[in-house]
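Visitor:
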Amino acid sequence: ISEDIERLQREIAEKFGYDIEDHSLVIYVRPKRK
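All residue numbers for the sequence shown refer to my numbering, where the first residue is 1236 and numbers rise by one.
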């Protein structure tokens, strides 16, 4: 986990008057075409 990304998320939430209660990252993948 990138500490920079975590910090930015907190800063952006704070800027807009929010507290982050929880979050997740979902990545959807598929095989590359040959």
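Just so it is clear, CB atoms sit at the ideal spot from N, CA and C, and this is done for glycine as well.
Predicted, not measured: the structure shown is a model, and the values here were computed from it.
Does the separation of the CB atoms of I1240 and A1248 fall below 8 Å?
Guide: no
Visitor: What are the boundary residues of the alpha helix (DSSP H) that L1243 is part of?
Guide: E1238 to K1250
Visitor: Could you tell me the alpha carbon to alpha carbon distance between I1262 and G1252, rounded to whole angstroms?
Guide: 27 Å
Visitor: Just tell me which of E1238, S1237 and Q1244 has its CA closest to the CA of D1257.
Guide: Q1244
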